[in-house]
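Peer 1:
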Amino acid sequence: SKQSQALVRKGVVALQRLVSEEVKKDEQADSSDKVTPGLLLRLTLVKALLQSTRDTEALQEAETAARSYPTALAFLVLACCKLRRGLREEGMQLLERATYAGSMNDVYNRWGFAGAVQRLRTLRKVEHLRQEAEAAHSVEGDFQQAAVWYGEALSIADVQEDKWGRATLHADRAVCFRRLRRYPEALQELDAALRLFPRYKRAIFRR
């Protein structure tokens with residue numbers, strides 16, 4: 007409703023004001039390598055902006071956070087923002103940085119480290135299966151096996167922020183089903199891709 011949207015906007019403005027105040031305190035204390043109240047508030051602002059579908063602003067805030075506070079937690083949040091926008095390579099590079107940034111004496115950094123490691127492990131497995139599927143499809147012409155590999159990749163693709171990665175897997179699996187003349191299954195895969203990204207041009211065209 008308009009009332010709830012207005013409340014969200016008001017809350018975001020209040021958070022932005024608090025962030026500015028806390029960042030000044032952090033600058034005076036020279037605590038850029040630690041997870042501070044200023045960083046936590048900025049990351050809370052990122053989450054609020056994402057929930058308000060203001061992804062561009064959220065990404066900008068996350069980039070500022072990672073520059074100002076090069077910690078595992080900040081890099082994890084920025085990586086998630088990149089993944090949400092389909093920037094998978096950049097997202098994975100940032101997850102890598104999160105595995106060695108900041109002090110592990112900090113509980114928030116340990117959480118950031120663990121989150122980055124978990125996501126990296128899954129994304130690498132998915133990428134391996136995707137490459138197997140592409141080889142079966144493009145090199146061997148084995149569309150049946152390619153569809154199986156894509157299906158296995160989708161079964162473990164549980165990184166919530168990587169919607170774009172899942173959408174492309176569904177679209178590529180649809181191609182395999184179409185080549186196998188399994189048209190209902192191809193349509194199901196394209197519908198799944200469009201549920202993730204309603205404006206996904208390749209899925210719209212193939213449908």
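In the working numbering, the protein residues as written are 7 to 213.
Where is the CB? At the ideal position from N, CA and C, for every residue including glycine.
Near G121, what residues of its chain come up, given a Cβ to Cβ distance below 6 angstroms and the 5 sequence neighbours on each side ignored?
Peer 2: L82.
Peer 1: Do three or more CB pairs link the stretch 98-109 to the stretch 177-184 at distances below 8 angstroms?
Peer 2: As far as the Cβ criterion goes, the stretch 98-109 does not touch the stretch 177-184, which means the pair count is below three.
Peer 1: Pick out the complete alpha helix (DSSP H) segments inside the stretch 67-154, 4 residues or longer, and give them in chain order.
Peer 2: Counting whole runs of 4 or more residues, the stretch 67-154 contains the alpha helix (DSSP H) stretches 78-90, 94-104 and 113-140.
Peer 1: Suppose you measure from the CA of V52 to the CA of G157; what does that come to, to the nearest Å?
Peer 2: Approximately 33 angstroms between the Cα atoms of the pair.
Peer 1: Out of W117, W170 and G118, which one is the CA nearest neighbour of E133?
Peer 2: W170
Peer 1: What is the rounded straight-line gap between the Cα of L160 and the Cα of R172?
Peer 2: 7 angstroms
Peer 1: Whether or not the stretch 84-91 and the stretch 64-74 are in contact is what I'm after, with contact meaning three or more pairs of Cβ atoms, one per stretch, closer than 8 angstroms; do they touch?
Peer 2: In this structure the stretch 64-74 lies against the stretch 84-91, because at least three pairs of beta carbons, one per stretch, are closer than 8 angstroms.
Peer 1: Would you give the residue range spanned by the alpha helix (DSSP H) that R179 belongs to?
Peer 2: K169 to R185
Peer 1: Return yes when at least one heavy atom of the ligand PLP lies under 7 angstroms from the C-beta of E95, else no.
Peer 2: Although the ligand PLP was asked about, the structure shown includes no ligands whatsoever.
Peer 1: Just to confirm before moving on: does the CB-CB distance between A142 and Q151 stay below 8 angstroms?
Peer 2: yes
Peer 1: Is the beta carbon of A71 closer than 8 angstroms to that of L45?
Peer 2: yes
Peer 1: Do R94 and D148 have their C-beta atoms within less than 8 angstroms of each other?
Peer 2: no
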